[in-house]
Amino acid sequence: MSSLAMSAETAIPGSHAANIETSRPFFSVRDVHAYYGESYIVQGVSLDIRKGEILALLGRNGAGKSSTLRTIARADNPEMRGGEIWLDGEPVHQMKSYQAARAGIQLVPEDRRIIQGLTVEENLNLARVAPGHGFSLEQIYESFPRLAERRTQEGVTLSGGEQQMLAIARALARDLKLLLLDEPYEGLAPVIVHEIERILHSIKPLGITTIIVEQNAVAALKLADRAVILDTGEVAFAGTAQEVLDNAELRHEYLAI
Ligand SMILES: Nc1ncnc2c1ncn2[C@@H]1O[C@H](COP(=O)(O)OP(=O)(O)OP(=O)(O)O)[C@@H](O)[C@H]1O
Ligand SMILES: [Mg+2]
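Residues in the sequence shown are numbered from 1 upward in steps of one, following our numbering.
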């Protein structure tokens with residue numbers, strides 16, 4: 001067989017596989033239901049994200065955004081009682097939170113959970129104790145110069161914006177596939193928000209997929225590819241971020257913007 005024929009033959013199945021890859025969502029939530037005790041909160045949520053995409057998960061206070069993120073990260077509460085969650089072909093719905101973390105799901109909660117008594121660098125090194133490494137310390141400091149300057153400072157004494165960067169950096173230090181951010185811009189100055197946006201944008205080509213929950217819906221929508229709006233635990237809208245930005249009625253009804 002000539003090398004030309006060989007490459008033609010291998011190119012066909014290869015391109016076919018690539019088509020399948022792009023048609024299958026990288027991350028998928030299918031009709032998920034979750035409860036705090038007997039309080040029914042996440043009421044049949046479904047969403048799909050392709051690899052490297054950013055999805056803005058929006059909705060009014062109490063709509064169930066944080067609960068949805070916690071369910072995806074397989075926190076004990078709320079308790080998932082129905083549905084499926086798939087990440088890159090793996091059944092996340094069958095996992096405990098530590099297994100979901102090992103599978104590449106990292107939740108950065110609203111309170112950031114910086115560990116008291118540890119420096120910036122110690123916080124980062126602690127994230128690297130678990131198996132499955134992502135960014136090296138050098139790569140983190142290159143992406144977050146502010147953290148490099150403050151590497152010996154105690155993490156909890158950082159400014160709010162710096163603590164948010166440290167929380168995101170800690171997720172990047174792991175073998176990260178799906179980053180879940182709960183209100184990362186809360187209380188931060190626009191200049192810091194821009195810095196975080198730059199970083200979130202820069203990790204897309206690495207195939208890291210992000211779900212961002214934000215009260216600052218406009219900022220999240222400008223960054224995101226896709227958007228899902230929750231209303232009392234159900235999906236009220238799913239589409240592109242641009243569709244939400246263009247639809248004043250939708251924004252008034254669910255986002256008050
Ligand atoms: N630990 C809990 N126990 C019982 N109910 C809870 C608990 N946490 C949240 N809830 C309820 O679940 C509902 C959804 O809350 P959730 O925090 O997911 O909303 P959210 O969309 O993140 O809101 P916000 O924008 O205010 O952060 C609310 O009615 C809330 O009171
Ligand atoms: Mg919340």
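Ideal Cβ positions, reconstructed from N, Cα and C, are used throughout, including at glycine. These figures come from a predicted structure and were not determined experimentally.
Spatial neighbours of residue i in its chain, beta-carbon cut-off 6 angstroms, leaving aside the 5 residues before and after
i: residue 217; result: 58, 255, 257
i: residue 242; result: none
i: residue 238; result: 228
i: residue 64; result: 41, 42, 230, 233
i: residue 211; result: 55, 57, 180
i: residue 48; result: 25, 28
i: residue 144; result: 165, 169
Endpoints, the beta strand (DSSP E) within which residue i is located
i: residue 143; result: Taken as a continuous stretch (DSSP letters only), residue 143 belongs to no beta strand (DSSP E), being part of the alpha helix (DSSP H) at 137-143.
i: residue 82; result: 79-87
i: residue 120; result: Premise fails: residue 120 lies in the alpha helix (DSSP H), 120-127, not in any beta strand (DSSP E).
i: residue 236; result: 234-240
i: residue 206; result: Taken as a continuous stretch (DSSP letters only), residue 206 belongs to no beta strand (DSSP E), as it is neither H nor E.
Reference residue i; option with closest CA among the options
i: residue 201; options: 101, 221, 72; result: 221
i: residue 169; options: 153, 185, 125; result: 125
i: residue 28; options: 86, 119, 103; result: 86
i: residue 111; options: 64, 166, 62; result: 166
i: residue 83; options: 77, 76, 118, 71; result: 71
i: residue 181; options: 139, 109, 140, 141; result: 109
i: residue 133; options: 104, 123, 173, 139; result: 173
i: residue 230; options: 24, 60, 51, 33; result: 60
i: residue 171; options: 203, 244, 195, 189; result: 203
i: residue 52; options: 248, 226, 253, 252; result: 226
i: residue 119; options: 147, 31, 194; result: 147
First and last residue of the uninterrupted alpha helix (DSSP H) at residue i
i: residue 67; result: 65-72
i: residue 43; result: Where residue 43 is concerned, there is no enclosing alpha helix (DSSP H), although the beta strand (DSSP E) it sits in stretches over 39-49.
i: residue 166; result: 160-172
i: residue 194; result: 190-202
i: residue 98; result: 97-102
i: residue 213; result: Looking at the DSSP string, residue 213 is not in any alpha helix (DSSP H); the run it does join, the beta strand (DSSP E), is 209-213.
Close Cβ partners of residue i (< 7 angstroms) along its chain, the five nearest in sequence each way excluded
i: residue 93; result: 80, 83, 84, 85
i: residue 128; result: 173
i: residue 100; result: 73, 74, 92
i: residue 78; result: 34, 35, 36, 41, 42, 67, 70, 71
Residues near residue i by beta carbon distance below 8 angstroms, same chain, minus five either side
i: residue 113; result: 167
i: residue 104; result: 87, 88, 132, 174, 175, 176, 177, 178
Practice prompt. Could you name the residues whose beta carbon sits closer than 6 angstroms to any heavy atom belonging to ligand 3, keeping them in chain order?
Written response: As presented, the structure is devoid of ligand 3, carrying ligand 1 and ligand 2 as its sole ligands.
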